[in-house]
Amino acid sequence: MPAENGDRYFPPEVWKECFDYLQSSDLKSLALTCRIFRDISAPSLFSSFAFVLRVVDHIYGTNVFGPGDLVFKEHARHLRELAQHPYAAFVRKLSLKYTCEGGIVFFDENRFDPGDEAFDLFADEYERSVPAFVNLRHMHVLEFQTCVDDPFMTSLVTLQHLQKIQFGHFYFEKPKLPLHLKVTDLEIQHQLIGRKPLKVNIFSAERLEKMSVDAPCLTPGIFRSLRKQGGCAHLVRLSFRLDYLDLVALYDFLEKCPRLEFMDVTLVRFDDTEEVIEHLQGVEFPCLPRSKIPKLKYFTGPECIARAFVPGRPVEKVALRSSPDLKRELSDVDLLFDELGRSTSTLVDLAIEGLECTPEALNLIDSHFPSLKSLGMDLLGPQSQSLDENETALAGAVGVAAHPSAEVVESQENVSTESLCRCDDMAYLDVLRDAALELMDFPRSLETLSLRMSSKYMVFSTRCSGICKAHEGESTADNTHGLTKAKSIFSALSNRLPTLKKISLYSKETEEDDPNSVKVIWEKDVRTSRWNHRRI
Numbered sequence: 001m002p003a004e005n006g007d008r009y010f011p012p013e014v015w016k017e018c019f020d021y022l023q024s025s026d027l028k029s030l031a032l033t034c035r036i037f038r039d040i041s042a043p044s045l046f047s048s049f050a051f052v053l054r055v056v057d058h059i060y061g062t063n064v065f066g067p068g069d070l071v072f073k074e075h076a077r078h079l080r081e082l083a084q085h086p087y088a089a090f091v092r093k094l095s096l097k098y099t100c101e102g103g104i105v106f107f108d109e110n111r112f113d114p115g116d117e118a119f120d121l122f123a124d125e126y127e128r129s130v131p132a133f134v135n136l137r138h139m140h141v142l143e144f145q146t147c148v149d150d151p152f153m154t155s156l157v158t159l160q161h162l163q164k165i166q167f168g169h170f171y172f173e174k175p176k177l178p179l180h181l182k183v184t185d186l187e188i189q190h191q192l193i194g195r196k197p198l199k200v201n202i203f204s205a206e207r208l209e210k211m212s213v214d215a216p217c218l219t220p221g222i223f224r225s226l227r228k229q230g231g232c233a234h235l236v237r238l239s240f241r242l243d244y245l246d247l248v249a250l251y252d253f254l255e256k257c258p259r260l261e262f263m264d265v266t267l268v269r270f271d272d273t274e275e276v277i278e279h280l281q282g283v284e285f286p287c288l289p290r291s292k293i294p295k296l297k298y299f300t301g302p303e304c305i306a307r308a309f310v311p312g313r314p315v316e317k318v319a320l321r322s323s324p325d326l327k328r329e330l331s332d333v334d335l336l337f338d339e340l341g342r343s344t345s346t347l348v349d350l351a352i353e354g355l356e357c358t359p360e361a362l363n364l365i366d367s368h369f370p371s372l373k374s375l376g377m378d379l380l381g382p383q384s385q386s387l388d389e390n391e392t393a394l395a396g397a398v399g400v401a402a403h404p405s406a407e408v409v410e411s412q413e414n415v416s417t418e419s420l421c422r423c424d425d426m427a428y429l430d431v432l433r434d435a436a437l438e439l440m441d442f443p444r445s446l447e448t449l450s451l452r453m454s455s456k457y458m459v460f461s462t463r464c465s466g467i468c469k470a471h472e473g474e475s476t477a478d479n480t481h482g483l484t485k486a487k488s489i490f491s492a493l494s495n496r497l498p499t500l501k502k503i504s505l506y507s508k509e510t511e512e513d514d515p516n517s518v519k520v521i522w523e524k525d526v527r528t529s530r531w532n533h534r535r536i
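The numbers in UniProt numbering rise by one with no breaks, and the one at position 431 of the sequence shown is 431.
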């Protein structure tokens, strides 16, 4: 591109539409060519910034503090320069993080703590700089290892166009501001443990449409504050963790949420340690008057709350959580389904933990909810119980079959997949086989099936004797049997459940960074009727 401006060839509107399809690297290159390209690229290139201050004690446990102040002054200069630059008006998202690491906690009370001084400098610079981001839409406070003061929070109130704010590890020093913070999307991720309930009068209910509060000590205080303001007339999505003893605050708050459609509830026992309560045996909560939250469509949470909130409302999707060791009895499930069936709308999506995928359970589901399009249940893998965690993890790591009777399943026509081993994959394939043979009655309208495997680790081998021999050009009777079985299952399943197009499998809760925790998805290509397999 020559030095002259691009508007000699096309008007800026045409260039802008073309630039919307480019990657950031391309935009950076084009921004250096001419003025008009720079002006078009700038809003995308400067739409998001992250500001991180990390103060570190390099000699841990001593009174010698590292050059945190020097590092901060350099970072503060960059933030100040950015705030003074004309491109500050293009910034739509700003992420902030302040951490103190090392031996700061070992300083004597009478000694000067450099961490406090660094934060004071940080807060002062932030308060002066943030108002320059006049078009900021999204503020993400990742982590603050200290309580913030009023001026810090007040500076957020000056951002007139702010729509979403996220608080990570964040502590509110004072629970009240002279002006409320107005946003449409509020998210508090920090799970404060062992703290008493706090009064929080910071956020405005005027524009709030989405709210997620993951801190049980803050949830009731926020509910009461918003209710005193007249309620959340525009709130559509609500997700929260709450001490089960604070349900009065929840009931009072919901009376002022006429447009609420989505609710995700997690109850906890609030003491020195936080324990999740998903299933309270023999506990019944009072029914919310049907005139309250009349537009509720999606509910996720424990059974005890579902019984109180679903009847009399147009709920279409229900996901019931349970404790890991809970096994639901069919007699109790029948009564539960009677309650869910009192929804004023047709239930089309049901996920219920603790209910095993058996013919009896499926008959019960089909009789109550024949129009289901999505179903989630538990599945007990027959071989999973015979493997301890070490054996299973080892099998997944080396990629070999964890059971001597491993069968290879790989189709050349109707099924595209890696080889699978006997442990968990055969369990769900047996279910699909029974469904194809009409031994299990899934709802005929089913489109999506999700099965939660009982084993902590799901083992899916990518190498076993059968597939190795197949790669070497050898054919075995076991391999041929596996291929034929797989093709027959999916072919018959498509005839039996013609609308089924997705099958998901996942293990029970494991650590997020656990490499052995996998999710398997089968999807049907509507054009070719071919089932494809992938792992996440």
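Think of the CB as a built atom: it goes at the ideal place given N, C-alpha and C, for glycine as much as any other residue. This structure is a prediction, so every number in the text was calculated from the model and none was measured.
Which of helix, strand or coil DSSP assigns to residue i
i	result
V157	helix
E360	helix
P258	coil
I521	strand
T499	coil
D325	coil
A351	strand
E143	strand
L79	helix
K228	helix
K221	Residue identity differs from the one stated: residue 221 is Gly in this sequence, not Lys. In this structure, G221 counts as helix in the three-state DSSP scheme.
R307	helix
F369	coil
L181	strand
D332	helix
E127	helix
F253	helix
Cα-Cα separation, residue i to residue j
i	j	result
C287	F122	49 Å
K93	H140	8 Å
A249	M440	44 Å
P443	E356	16 Å
P311	K327	24 Å
V333	P370	16 Å
R315	E125	At residue 315 the sequence reads Val, which differs from the Arg that was named. Spanning the two alpha carbons is a distance of roughly 49 Å.
N201	D185	16 Å
G221	P197	7 Å
L379	S204	45 Å
L242	V318	19 Å
L497	R342	27 Å
L179	L267	31 Å
F223	Q84	39 Å
P86	K182	26 Å
F490	H533	12 Å
R80	M263	41 Å
Close Cβ partners of residue i (< 6 Å) along its chain, the five nearest in sequence each way excluded
i	result
V265	G301, I305
M153	L177
Q166	H140, E187
E127	P151, S155
L159	L136
R307	E339
K519	Y506, I536
E284	none
S345	P314, E316
S212	E187, S239
L449	L375, I503
R237	K210, F262
Beta-bridge pairing of residue i - partner residues as DSSP gives them
i	result
S345	DSSP lists no partner for S345.
Q166	H140, E187
A319	T300, A351
F337	DSSP, once it has assigned bridges, lists no residue as partnering F337.
R452	D378, Y506
F133	Note: F133 sits in no beta bridge, so no partner.
L238	M211, M263
D243	V268
Supposed close pair residue i, residue j - CB separation, criterion 8 Å
i	j	result
L364	V348	That belief does not hold up - the Cβ atoms of L364 and V348 are roughly 17 Å apart, past 8 Å.
E261	K297	5 Å
A89	V134	6 Å
K228	R259	Their Cβ separation, rounded to whole angstroms, is 19 Å, which puts K228 and R259 out of contact at 8 Å.
Cβ-based neighbour list, residue i, same chain, cut-off 8 Å, excluding 5 preceding and 5 following
i	result
E143	K97, Y98, T99, G168, H169, F170
T528	none
L226	F203, A205, L208, C232, F253, K256
K501	E447, T448, E523, K524, V526
Y251	P286, L288
A361	L330, V333, L355, M377
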